[in-house]
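To start, the structure under review is shown below, and the notes come after it.
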Amino acid sequence: MKKLFQLTPLIELSQYESLKIIGPYRFLHADASSCSFIYAHYQVTIRGKSVEIDAIKEEMLQLTIVDLKEMHIKIRQEEDRNNDMES
């Protein structure tokens, strides 16, 4: 039923303090001050004074970021995406 309402990936950044993604993702790294994951065709990295995971579900992730320092969204190369499919 969730697919009826959310047809495309969604990244929502609210007041630079909260990040919510809806759709399939894969964690790469998480610690007290940073988090990185693959989402759609992108690699997303968040850094702040602190980064807390508020909700983690199969196709939803919500983070709270205190004092956002950096947010990088980088498109992944085609070969990287193909390697993920083979793994």
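Numbering of the sequence shown is given in this note's numbering, commencing with residue 26 and proceeding in unit increments. Cβ coordinates follow ideal geometry from the N, Cα and C atoms, glycine included.
Under the three-state DSSP convention, the category residue i falls into
| i | result |
| --- | --- |
| residue 91 | strand |
| residue 37 | strand |
| residue 84 | coil |
| residue 43 | strand |
| residue 100 | strand |
Beta-carbon separation (whole angstroms), residue i vs residue j, contact threshold 8 Å
| i | j | result |
| --- | --- | --- |
| residue 44 | residue 38 | 5 Å |
Beta-carbon spacing of residue i, residue j below 8 Å
| i | j | result |
| --- | --- | --- |
| residue 90 | residue 71 | yes |
| residue 57 | residue 78 | no |
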